[in-house]
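Novice: Sharing a structure here in structure tokens format.
There are 2 protein chains.
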Amino acid sequence: MDSISFDNFTCPLPIPNGQQVTIGHGSGGTLTKNLINSVFYEHFHNPILDQGNDFAELSSESKRIITATDGHVVDPIFFPGGDIGKLAVAGTVNDISMSGAIPRYLTASFIIEEGFPMKDLVQIAHSMQACAQEAKVQIVAGDTKVVEKGKADKIFISTAGVGFFEKDLQIDGSRAENGDAVILSGTMGDHGIAVLAARNELGFTTTVLSDTAPMNNMIQSGINASPHIHVMRDPTRGGVATTLNEIAIQSQVNIILDETALPVNKQVQAACDILGFDPLYVANEGKVLFITPEKEAQLLLDALHAHPYGKKATVIGRVEKTDNRPMVLMRTRIGGTRIVDMLSGAMLPRIC
Amino acid sequence: MDSISFDNFTCPLPIPNGQQVTIGHGSGGTLTKNLINSVFYEHFHNPILDQGNDFAELSSESKRIITATDGHVVDPIFFPGGDIGKLAVAGTVNDISMSGAIPRYLTASFIIEEGFPMKDLVQIAHSMQACAQEAKVQIVAGDTKVVEKGKADKIFISTAGVGFFEKDLQIDGSRAENGDAVILSGTMGDHGIAVLAARNELGFTTTVLSDTAPMNNMIQSGINASPHIHVMRDPTRGGVATTLNEIAIQSQVNIILDETALPVNKQVQAACDILGFDPLYVANEGKVLFITPEKEAQLLLDALHAHPYGKKATVIGRVEKTDNRPMVLMRTRIGGTRIVDMLSGAMLPRIC
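Which chain is which? The protein sequence lines are A and B, in order.
Counting in this note's numbering, the first sequence runs from 190 upward without gaps.
Counting in this note's numbering, the second sequence runs from 190 upward without gaps.
Take a look at the structure:
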């Protein structure tokens, strides 16, 4: 099974089905089966996938089920700290996890440009499986389409997933309450800046890594420590500012941020300063916003700090009731208050 | 809510968010919210979607759950008898239905090329909702990405879904048995030829319509009539020949087709004759292959004939045991026997 070396991604041995993905690999016939067997089954194989049906049968683990989907078009497909495969698995794992459910199964739909290097596809499949293993999810069904050269940009991956509840939790964007603490699990903007750097759009070098990662294990630690979490959401496209605005609207509350508390990696801040970006709007792919009762905030922080992905978790603000239009406000470093709006227009296209 | 006329798809009233999809519509910020609200929520709205979370909470209706995914890159996106939206809903509805489960929930991931006409997106959303209504499924979560002009071909849609069982069925590709009847629910190749015609690749005119449709209602009638169906599968890419080869391999049996029994629309046959295609390999998007015990075959046929999508259902062959490599064989019109192989290479790219 291990005829191809994945450790250094150099794939010194013969690549399955030739060096490139061809239109025939999307025909649904023999070539498609070969591609699926040699790349996808080889990496993802598990008893459900191996049955070879167009559907996957799962066993319900709770009455309540969570599903979610995410499409991935990141450019470039390989970037410091991750690639489109890791992103595609982590993205849907994270969306499901934000409900408090435990993600268990994923499906993956691949849209591949003709001529795409087979070794890159192998590397992506390897990343997907590594991320799935870390998140303890199985990839149980998939679909592969190939379009003519120039009709897609390398590869797009859409994942969807299913998760179940171990506990009777009620966590969603509409439950933020007056007095709740707003906790961010780490620094802002690492993913966005890492992808920009990989595009050579910075004009200077940086060693920032994307934070792309599955958040479900850290979240389960958090839920165990703080069983009454009201809201969890991952601040991806649009960043922390946009995500908090969504929550403020869903919950009909104000959210008051403390500018001095916002965690930003120094290199990310430097890149943002030069580019004129505000890290509050830059995408994250391995961070969670928690909104939890004040009295559980320290317990949650302690649990997050004990997890590798939550070492820099910190309280960044509070929830306040409002009788007017819900807003996100910031107490600034110099003692003023300003409105933090939702991102409008395009900031960083194809960041995920 | 009905400020835009969907009946004739002319959309005489102002289009939401301008005339075209822009990069900003994929930013995750205000423009994305507006697009989702005015196009997708407007059409798909239901209590689960309307909660506005990145995940959707479902209620399990059976211990056994079925999931499936399908990516759609059909070219052109509008064709006689359907469009990419109808195809995206029917495709996943059908994959789930082939297990005997009842599809209930879908997610949809949209990858849209910058500049895509908003009115086409509205039309596609309308088709998706119409097909979802017919299939009695809800679209409960989605994701929207926009890529730069030239980096995708108009629009790609990946759907995934969840279904549940009302009955304790065991239907999958490995259960075909010696003596079983092979029933096809209607004519072969309509979808493939309709899409080719829409591409103006035929060199002559035809009025063939794609058969794109959700098969779940017909299938449930079939299951009620023939409760011991062994296999169901929809012969999409690669056609009936490829799908039967997959089943023969999964079940380790031979499948013997009767050439005189194969149902083909006259116009489809004419088009295939001119193009040098065999309808056995041309894609279908609204057909089902049933493999069922011989003694239930007539009951199943009667049930299919009573359904609008199954009027031309017919027995096309039998399952035979084999001790050798499993094969699909055809008893020809002139009394011979030939091997019917799986499709190899590319026949019709981007047919679905």
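Each residue gets a CB set at the ideal place from its N, CA and C atoms; glycine is no exception.
I want to verify the contact list: residues of chain A whose CB lies under 8 Å from the CB of Ala245/B, in sequence order.
Specialist: Near Ala245/B (Cβ distances below 8 Å), the residues of chain A are Ile255, Thr256, Ala257.
Novice: Between the stretch 505-512 of chain B and the stretch 444-457 of chain B, can you find at least three pairs of beta-carbon atoms closer than 8 Å?
Specialist: Yes, the stretch 444-457 of chain B is in contact with the stretch 505-512 of chain B.
Novice: In the DSSP assignment, find the beta strand (DSSP E) that holds Glu303/B and state where it starts and stops.
Specialist: From DSSP, Glu303/B is part of no beta strand (DSSP E); its letter is neither H nor E.
Novice: Under three-state DSSP, which class holds Glu141/A?
Specialist: Residue 141/A is absent from the model: chain A starts at 190 and stops at 541.
Novice: Buried or exposed: Glu355/B, going by 16 or more other Cβ atoms within 10 Å of its Cβ?
Specialist: Per the 10 Å Cβ criterion, exposed.
Novice: Determine the extent of the beta strand (DSSP E) in which Ala402/A is found, giving its start and end residues.
Specialist: Unbroken run through Ala402/A: none, as it is neither H nor E.
Novice: Are any of the Cβ atoms in chain A nearer than 8 Å to that of Pro538/B?
Specialist: Closer than 8 Å: yes.
Novice: Within 10 angstroms of its Cβ, does Ile412/B collect 16 or more other Cβ (buried), or is it exposed?
Specialist: Buried: at least 16 other Cβ atoms inside 10 Å.
Novice: Are any of the Cβ atoms in chain B nearer than 8 Å to that of Gln441/A?
Specialist: False, the Cβ-Cβ gap to chain B never drops below 8 Å.
Novice: Rounded to whole angstroms, what's the CA-CA distance from Ile540/B to Gly475/B? Just pull it up for me.
Specialist: Looking at the two C-alpha atoms, the distance is approximately 13 Å.
Novice: Quick one: using the 10 Å Cβ neighbour count with 16 as the cut-off for buried, is Asp259/A buried or exposed?
Specialist: So Asp259/A ends up on the buried side.
Novice: Could you round the C-beta distance between Ile212/A and Glu303/A to whole angstroms and report it? I think they count as a contact, below 8 Å.
Specialist: Right, their Cβ atoms sit about 5 Å apart.
Novice: How far does the beta strand (DSSP E) with Ile444/A in it reach, from first residue to last?
Specialist: Segment 442-447, the beta strand (DSSP E) holding Ile444/A.
Novice: Just to confirm before moving on: does the CB-CB distance between Gly362/B and Glu435/B stay below 8 Å?
Specialist: For Gly362/B and Glu435/B, yes; Cβs fall inside 8 Å.
Novice: Helix or strand or just coil, what does DSSP make of Glu246/A?
Specialist: It is a strand residue.
Novice: Mind listing the chain A neighbours of Ala341/B? Cutoff is C-beta to C-beta under 9 Å, in chain order.
Specialist: Val262, Ile300, Val336, Lys340, Ala341, Asp342, Phe345, listed in chain order.
Novice: Would you say Thr296/B lies against chain A (beta-carbon separation less than 8 Å)?
Specialist: Yes, Thr296/B lies at the interface with chain A (some Cβ there is under 8 Å from its Cβ).
Novice: Does DSSP put Thr511/A in a helix, in a strand, or in coil?
Specialist: It is coil, neither helix nor strand.
Novice: Hey, could you find the ends of the beta strand (DSSP E) Leu373/B is sitting in?
Specialist: Its beta strand (DSSP E) spans residues 370-373.
Novice: Would you be able to state if there are at least three C-beta pairs under 8 Å between the stretch 249-258 of chain A and the stretch 320-332 of chain B?
Specialist: Cβ pair count under 8 Å is three or more, so yes.
Novice: What does the Cβ neighbour count give for Glu390/B, buried or exposed, with the cut at 16 atoms within 10 Å?
Specialist: It counts as exposed.
Novice: Thinking C-beta only, is Val477/B closer than 8 Å to Val536/B?
Specialist: Per the sequence shown, the amino acid found at residue 536/B is Met instead of Val. No, the pair does not count as a contact, with Cβ atoms beyond the cut-off.
Novice: Taking the alpha-carbon of Pro452/A as reference, which of Thr521/A, Gly378/A, Ile463/A has the nearest alpha-carbon?
Specialist: The shortest C-alpha separation from Pro452/A is found at Gly378/A.
Novice: Does the contact criterion of 3 or more C-beta pairs under 8 Å hold for the stretch 224-244 of chain A versus the stretch 231-248 of chain B?
Specialist: No: fewer than three Cβ pairs fall under 8 Å.
Novice: Tell me which residues of the stretch 268-290 of chain B have at least one Cβ-Cβ distance to chain A shorter than 7 Å, keeping chain order.
Specialist: Listed in sequence order: Asp284, Ile285, Met287, Ser288.
Novice: Could you name the residues of the same chain whose beta carbon sits closer than 7 Å to that of Gln209/A, not counting the 5 residues immediately before and after it, in chain order?
Specialist: Hits under 7 Å: Gly304, Phe305, Pro306, Met307.
Novice: Secondary structure at Ile193/B, three-state DSSP: helix, strand or coil?
Specialist: The predicted position of Ile193/B is uncertain, since its pLDDT is 30 and thus under 50; a value taken from the coordinates is nonetheless stated next. DSSP places Ile193/B in coil when its eight states are reduced to three.
Novice: Label Asn473/A either buried or exposed according to how many other C-beta atoms from any shown protein chain fall within 10 Å of its C-beta, with 16 as the threshold for buried.
Specialist: Flag for Asn473/A reads buried.
Novice: Using C-beta distances below 8 Å, list every residue in its chain close to Ala277/A, excluding the 5 sequence neighbours before and after it, in chain order.
Specialist: These residues qualify, in order along the chain: Asp259, His261, Ala297, Met317, Ile346, Ser347, Thr348.
Novice: How about Ser410/A: is its C-beta nearer than 8 Å to some C-beta of chain B?
Specialist: Chain B contact via Cβ: absent.
Novice: Which partner residues does Lys334/B have in the DSSP bridge list?
Specialist: DSSP lists Ile300/B as partners of Lys334/B.
Novice: Could you check whether the Cβ of Gly475/B sits closer than 8 Å to any Cβ belonging to chain A?
Specialist: Not one chain A Cβ lies under 8 Å of Gly475/B.
Novice: Please list the terminal residues of the continuous alpha helix (DSSP H) segment that includes Asp530/B.
Specialist: No alpha helix (DSSP H) holds Asp530/B; DSSP gives it neither H nor E.
Novice: Roughly how many whole angstroms lie between the Cα atoms of Lys334/B and Ile300/B?
Specialist: So the two alpha carbons sit approximately 5 Å from each other.
Novice: Express the C-alpha separation of Val282/A and Gly289/A in angstroms, rounding to a whole number.
Specialist: Going by the C-alpha atoms only, they are around 11 Å apart.
Novice: Could you tell me the alpha carbon to alpha carbon distance between Ser410/A and Leu295/A, rounded to whole angstroms?
Specialist: In a straight line, the C-alpha of Ser410/A is about 22 Å away from that of Leu295/A.
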